Every structure is written in C-alpha cells, then in structure tokens.
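Chains as they are written, first to last, in this note's numbering: chain A, 1 to 347; chain B, 1 to 347; chain C, 1 to 347.
This is the structure we're talking about:
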C-alpha cells in the first residue's frame, strides 16, 4: 500500500501541512520510522523525539502542529493512527472458498463468499453468514450459528449450538462453549451437572487467543456487543457481560456474575460468582471483586475496595514497620508514665 | 426428549405431587422456564419466584412441597436437577466409527465402538479402550493409553506415553503431557532437563478447556480418581492430586506439590512447589499457599493463612488509616504528658 | 538405551567409583529407582535415602562420594543428572519427511530434513530451516520464518510474518503472533488498532503449552535468546524480554514492558505495561510489578516492593490484631493519665 500525504489527509479527515505529493508506504513509531513512514504524536512526551525521527510525516494534534515537519493535523492523533494503520494493514488472509481438505457436515448452510480453510471441521447443521472466514484447523460443533463478516483465526473451537454475531473476531486457540464447571457433591464423589445452555457472542465482540468462555448450565452465557476480551481469560457459565466492556488478559469471571456496560477488568483481575457489577465499573489489575458494586466505581485490591480507600490503606501498610516501632515506644513511655504517676510509686 | 411427570418422578426417585401425565420436554431455571419445562427450587430464595414462573412442574425438598403447583418431592433438589438435566441432555456427539480423514499410526489398538473424528491424529502404539471418543483435531502422541468410555472433546492434545483412565472427560484445547519446566542454570544459559516421566489421569477425572498438565521430570504427574479441574489451570511436573479434589479455573500448582483427597483450590489460587496439602484442605480464590498444611484447614490470602487469622488481620487492615490517626494522637498526648511530668520540665 | 557405568562416567565427565561394566538402562529419583537405574544426589537431604534405594549407581558431589555404593563423582550432580537424562531420553518423535496429509502453501521453502506431520498447515511463503520439525496440527500463517533445528510440538500456531530462531522449542497450544489488545475508545465503542508488527523469538527460546505471545502494534514483540517461558503465560504486544530470562507459568507481562537479561518472574506474577525491568531482577510468584526497577532487585507483593521491605511489612501485618489491642489499651491508659494529670482534674 502506498498513499500520498494528501490522500492520507483526506482519508483521515485531517488538515494537510506539507507537500501533498509526499509518498508514504507505511506507519511506524516515531523512533523507528523510516523516510517512507508516517508517524504520530499521541502524547506530549514524544514531541522531543521528532527532531531525530526519520519519519516522512506526522499525525499531530492542533496544539502541536508547529513541528517544522510535514504533518497532518487531526483532533485525535491516536485515533487517526488507528485508522491510518488500517489503511496500511495487509488484507486479512482468507482461503479462497471452501477447501476440499475441510470437512463439512450435513445440512450446513453457507452464505455468500464464505471461506473455509483446510483442516476446518464444520458440524452438522451449522449456519455461516456471508463472508464468514473459518481459519485452518477451526472446529465448529453442531448447529453453530455465525453472523456475517465474522473472522475466525486458525484453530478456534466453537461447540454445539453456540451463536456468534456479526463482525466478531476470535483469535487462535479460543474455546467457546466448553462445559461450565458444575458438580453436585455426593458421598461417592462429584456428580456432573450436564451443561445444557449455550454461549452467545453479540456483534463486534473480539475474543483473545486461548481464552475460554463456557456454555451455560441452563440458558446462556452472553458477551455483549462490542465487548473486547484479551488472551487467556476465563468466563464461566451463565456470566453476562454488557456491551463495550474490556476484559484484559488472564481475567477470571466466575459463574453467573452479571457485568454491566463499559466495565473494565484489569489484567489477572477476578470477579466472584453471582455478583452484579454496575455499568462503567473499573476493577484494577490483579484485584478480586468479592461483592456487588454499583455503577461507576473504581475498585482495587484483593479483596477489592474503592480505590481511594485501598490507596489510603496501602499508604499506611507500607509504614507498618515504622508504626510498630512507634507503638512500642509509646508503650514504654506510657509504662514509665503509669509507673511515675501511679499512687504506689508516688507514695 | 420428552417424559411424563410420573416417569420423571420414578427416574429421579421422588414423590409425585400433581398430574402424572403432564408432559415435560426440558429443564430450565425458575424464571426462564416455559410451560413445557421442569424447574427446581434448590435454595429458599427461589421460592418467591414460583408464583410468577411458567414452569410445568418443580423439583422441591419436602419442607417446601406445599407449592400449590405440580411437583416432584426429592430429598436433594439440586442433585435431582443434575440428574434430570442428564435425562434431557442430548447424547454427546460422536463420529460414527473411525474417520478416513483421521490418521492412525502403526500398532494402534482400538476397543469396541471407538469413535475417531476427522483430523484426529493417533500416534504409533496407542491403545484406546471400548467406546472411547476422540473428537475432531485431537492429537495423541505415541503409546498413549485411554480407558473405556473416555470422551475427548475437539482439539485435545495428549502426548507420548501418558495414561488416561476410564470415563475421563477432557475439554477442548487441554494439553496433557507437555514437558515440565525444568532447567539447570549454567554460565552459558539454562540447560534443559529432559522430562522423561508421564501424566496419569485416573478414572472419572474431568479436565477443563485449555488446561495444561505437565509430564513428570521422572516418574509421574498424577491426578486422582474423580478429581475435577476447570479451565486454564496449570499443573506442573510431578504434582500429585488426590481423589475427588476440585481445582477451579486459572489455578496454578507448582512442581512436586502433593495434594490430598477432596482438596478444593479456588479460582486463581496458587500452590508453591514441593508442598504437602492435607486431605480436605480448602484454599480461597486468588490465595497463595506457601507452606504445607495439615488436613481440613481453610486457608486464605497471599501468602495464605488460616482463614480466621486472615479475616482478623484483614479486619484491622481496613482500619489502618484510622489506626494511624489514633497512633499519632497518642504520640501527641504522650509527648504532652511526658513534657508535663518529666523532671526537667517540672523543675 | 543402555550404557555401562564406565561409559556414563566418561560421557558425563565424572570419576568412576565402582564396577565400570555395571549396565544401566534408565534414570530415576533415589526412592523410585530400580536396580537398572542411575540415580543422583542433588541435595544433602537425599543422602539418607541412599541406603534404602535400589538404584544401581548414583551421581554424587565429591563431598558425598563415600556412599558405599557404585557412583560417578561429578562437580554438579544436578547438571550431571540433566545430561544423563538426555542420554536416556527417547529421540523426539518426528514425522519422516513431509506428510501428504499436511498442506503446504505456495513458495514455501524447506531446508534439509524438514519434518511436517499430518494436518499441519504451512502458509504461503514460509521458510523453514534445516531439520525443523512441525508437529501434527500445527498452523503457520504466511511468510513465517523458522530457524534450523527448531521443534514445534503438536498444535502450535504461529501467525503471519513472525520469525522464530534456531533450536527453539514450542509446546502444544501456544499461539505466537495473535493480535495485540489495542483499541481507541470512541463514543460508538472500542475502535480496533490494527496490529501490524510481528513476534521474534530468538535462538534457544522455549515456549510452554497454551502460552500466548502477541504481535506488536508496530515493530516487534521480542523474546531474547535462551529465555524460557512456561505454560499459560501472556506476553502482550511490543514487550521485549532480554536473554536467558525465566517466566514461570501463568505470568502476565503487559504491553511495551521491557525486561532485561536473566530476569525471573515467578508463577502468576504480573508486570504492568511500559515498565523497564533491569537485568537480573526477580519478581516473586503472584507479585505485581507496578513501577520500573533497576538491575538485580528482588521484588515481592502486590504491588511489589523490595523483598526485605515486603517481609518487614508483612511481619507486622500478621500481628495487626494484636497491635490493635495494644493500641486500644494505650488509649485507655493515656485517657486515664490525661485525666489524672490534667490541670482540671488536679486542681
């Protein structure tokens, strides 16, 4: 892909400052760009690297536009970078049509321009929308439904009856619809509770590599529209995640938890089962949410507390050795005082 | 599947209260049931939802039997639900026989009614018991042994010489028998210790999606009969887990740890290497067990402590900002007192 | 494999003490060895098990050489054990040549003696060095480069353009080069930032089962030579890990973190994004490194602190219930004193 700077300014909706015919063939960070690359200044700290940068041109915000270098002025340089990156991204690879090395079960319905790569297995009764891409080694169970333009990277597993929306992206190794973890303890051992529900991924969800989202015991496990889930995340049975939420890598959400919209769970955070988590709640990395919280709260720690309380508590925790010394000194002083002022010693 | 209420009462060993010819075709939670569904009251809090429920009938305990609705009275409604769910569960999917799109190595021994789906790879010398199911995309190394009625979901990997018992269930993406993580540090780098042992999964073990259980350096990594392991769990080399234990999602057990029977490790908990963990020990979610513990202990925190001690400690931790203020006030008071009563200031 | 004790002494560079013609066919732990096995004493505590051991002979350090049993005296018994284990290890399994059940894309370049097993998918333009092994079910995207003698266990995924060095080992289920987790928040939702970079694994890296290493947004995610990464580890986009580092199972390293050489991250530890971690830094298991640290530091806790500070803090934390009682007692005493010595009560 190659564009002139003028073309890029037009496509990105920015203001051209510099030679419109400058030819750009890639995008790179300010300190790694070549003279063929566009770069971008998304944070003030990168401004000082501009003079040493070999980049052909820069995406910049209006307040930093006086770079003395070719640039495109945009209101949000980071967003413009994302969109410029999409212009330079190679088109995603797709097998042309349905490979004769794939296996398609009975009564499979394929939309227009569906791509099925070698070693993919499509179970009986699956329905794939237009332009769906099934990468090499993907396995779909029976009666899986996938909406249009959804892209499965290699080696994704989606099990029986799960329903995947449109424009969903699922990365390699993810497992959608394995059994939830449910047993009844008996004197003879743990008796398995059959997991009869499904997983629903709504439109524009993205699921990271090797993430697992379990099917419901009964009913649905549901991931709301536009929610993005990173790698190695565990979402247990009957969890509901609202729209446009973010679950960072290695998060675990226990069974039947209900998360609102635009919730953010930091890396390795955990949410205990059956909780209700309000819209816009943020849980810090490695924190453990152990009780339900209303909208907009920011929670930290394990167990998690409102972040100001956590920070106040932690601020004292780091002083504990000093506090202990001070406590012991007080005890000595008070013992001396008590001795000095007690009637027995005064008499 | 469809049953009459009378048939269900018989199969579940419960007492019929209501029309025996009522036809039931599914099972659902009390607030999601349709008029064709059986539901169940496993906790008192669900009793108040009965009047609004559309369910055809309910599984209930004797003390809640006066529902005014058709029901089956059972001593343990949750267990009865699990067994009813098994009655309504679709039979697990199996490829009929051995697919010609699978690959079987030399000297593979297959029991009666073994199912091997497309794109499964069975290494030389594997032995599969009667009615074993190998899902699409599963890979077995050389000389793997699998007992009767074991079910491998799609895309399971079991590596050389590992031994899997009877009635085991392994979910998609699990890796049984990858090398343990062992190196000897040298000035030139980390020298790999060949991992010569195996993994043994005893009968009725269940292994979650994308869980990893490493082969022993020497000898065995062993998971005891009836133990259930959730998704994304790491079990390191030479670990031994006793019978009927529960490892919840994202748990990590480090090398050579020995866990007793009926141990429960909560989600994201960790057990340090070489520990001994007694029968019936429970470790809370996100806790880190850093020393050996005797039978029956309940441990919490990171590092984990007996839960009463942890709770007592944590109860003070949340008051630390207040305690710090009180300590400072005491210091001022004592300074005043000391000043007032010290000989120097008195003179 | 079978060796005489004399052969083993020669190959391991040790001193023979005992019958050189003793035949040895395996290696085992001191308490599990059979009369055909070599064993080893790597720690003093195992010395007392020697008398009951059935092992044919032992690897021992010079100071413990007076065992009264056949042995090979070596300066580092644990290292000698690793090397002896390599002598007894079965040769790693390889498909002979390129299976006609694998799929090779266009313009794939294969070195000498490359092995490609059934159901492997090699994308267009891949280049595989001499003696590379591609296990069953592995998927390589387009233009992946793999150096000589690298071994991919079954069901590894390496995505477009990633570069893998020589003598690398990658375990089953690992995903190298999935998209980094990057979005720009907008009022309409999270807009995906195309991930245009790659992953580079340098020579002699080892990657554990179901571990995920994401491709860079721009540029490279890089794992330095000789670094060993355990199972279920998450390495985010643009992370750089120096040479000879160790990342234990379930570690998470967030985006753009830069780790030095010989860094050790304990199991389930986390490193926050954009940090710089000096050479030789050690981070304890389950700890969360939240700020950059210079070389050689040992960090513990969540958030992590220098381990001596953490231990001092934790030593007081466990006493908090007692401290709280002592604080309340002091308050009572001081109240009494203040009452007793205050001018108002004295007058």
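Where a beta carbon is used, it is the ideal one built from N, C-alpha and C, also for glycine. Given the structure is predicted, the values throughout are model-derived calculations rather than measurements.
Minimum Cβ-Cβ distance from residue i to chain C less than 7 angstroms
i: residue 233 (chain A); result: no
i: residue 312 (chain B); result: yes
i: residue 54 (chain A); result: no
i: residue 95 (chain B); result: no
i: residue 343 (chain A); result: In this predicted model, residue 343 (chain A) has a pLDDT of only 45, less than 50, meaning its place in the structure is not dependable; the value taken from the coordinates is given anyway. So no, residue 343 (chain A) is outside the interface.
i: residue 44 (chain A); result: no
i: residue 131 (chain A); result: no
i: residue 183 (chain B); result: yes
i: residue 190 (chain B); result: yes
i: residue 172 (chain A); result: yes
i: residue 178 (chain A); result: no
i: residue 330 (chain A); result: yes
i: residue 187 (chain B); result: no
i: residue 148 (chain A); result: no
Member of the options whose CA lies at the smallest distance from the CA of residue i
i: residue 54 (chain A); options: A:66, A:75, A:26, A:43; result: A:26
i: residue 81 (chain C); options: B:311, B:214, B:252, B:184; result: B:184
i: residue 236 (chain B); options: B:261, B:337, B:270; result: B:270
i: residue 56 (chain A); options: A:6, A:218, A:150; result: A:6
i: residue 68 (chain C); options: C:58, C:77, C:75; result: C:58
i: residue 123 (chain C); options: A:137, A:220, A:113; result: A:137
i: residue 364 (chain C); options: A:171, A:182, A:179, A:178; result: No statement about residue 364 (chain C) is possible, as the shown extent of chain C runs from 1 to 347 and does not include it.
i: residue 130 (chain C); options: C:151, C:188, C:121; result: C:151
i: residue 66 (chain A); options: A:16, A:28, A:37; result: A:16
i: residue 169 (chain C); options: C:24, C:207, C:46, C:88; result: C:207
i: residue 223 (chain A); options: A:186, A:164, A:250, A:252; result: A:164
i: residue 306 (chain B); options: B:318, B:293, B:315; result: B:293
i: residue 272 (chain B); options: B:259, B:186, B:177; result: B:259
i: residue 11 (chain A); options: A:323, A:282, A:85; result: A:85
Bridge partners - residue i, DSSP secondary structure assignment
i: residue 206 (chain B); result: B:169, B:228
i: residue 258 (chain B); result: B:240, B:276
i: residue 110 (chain A); result: A:128
i: residue 263 (chain A); result: Answer by DSSP bridge pairing: none, since residue 263 (chain A) is not bridged.
i: residue 317 (chain A); result: According to DSSP, residue 317 (chain A) bridges with nothing at all.
i: residue 190 (chain A); result: A:185
i: residue 145 (chain A); result: A:127, A:163
i: residue 282 (chain C); result: C:264, C:298
Proximity test, Cβ basis, 7 angstroms: residue i and chain A
i: residue 304 (chain B); result: no
i: residue 338 (chain C); result: no
i: residue 347 (chain B); result: Below a pLDDT of 50, predicted positions are generally treated as unreliable, and residue 347 (chain B), at 37, falls in that range; the measurement from the model is reported next regardless. So no, residue 347 (chain B) is outside the interface.
i: residue 155 (chain B); result: yes
i: residue 333 (chain C); result: yes
i: residue 118 (chain C); result: no
i: residue 247 (chain C); result: no
Any C-beta of chain B under 7 angstroms from that of residue i
i: residue 230 (chain C); result: yes
i: residue 236 (chain C); result: no
i: residue 212 (chain A); result: yes
i: residue 12 (chain A); result: no
i: residue 209 (chain C); result: yes
i: residue 286 (chain C); result: yes
i: residue 194 (chain A); result: yes
i: residue 139 (chain A); result: yes
### Those runs of the beta strand (DSSP E) which lie wholly inside the stretch 215-240 of chain A and span at least 3 residues
Along the stretch 215-240 of chain A, the beta strand (DSSP E) occurs as fully enclosed runs of 3 or more residues at 220-223, listed in sequence order.
### Query
Which runs of the beta strand (DSSP E) spanning at least 3 residues fall entirely within the stretch 19-56 of chain B, listed in chain order?
37-40
#### Entry: Sequence ranges, alpha helix (DSSP H) only - wholly within the stretch 68-124 of chain B, length at least 4
77-88
#### Entry: chain B contacts made by the stretch 74-108 of chain C, where a contact means CB separation under 7 angstroms
78, 79, 82, 85, 86, 88, 89, 93, 101
### Message
At a CB distance below 7 angstroms, what residues from the stretch 316-328 of chain B approach chain A? Give them in sequence order.
### Response
Within the stretch 316-328 of chain B, those residues whose Cβ lies closer than 7 angstroms to any Cβ of chain A are, in chain order, 317, 318, 320, 321, 324, 327.
### Query
Looking at chain A, which residues of the stretch 4-33 of chain C have a Cβ within less than 7 angstroms of any of its Cβ atoms?
Listed in sequence order: no entries.
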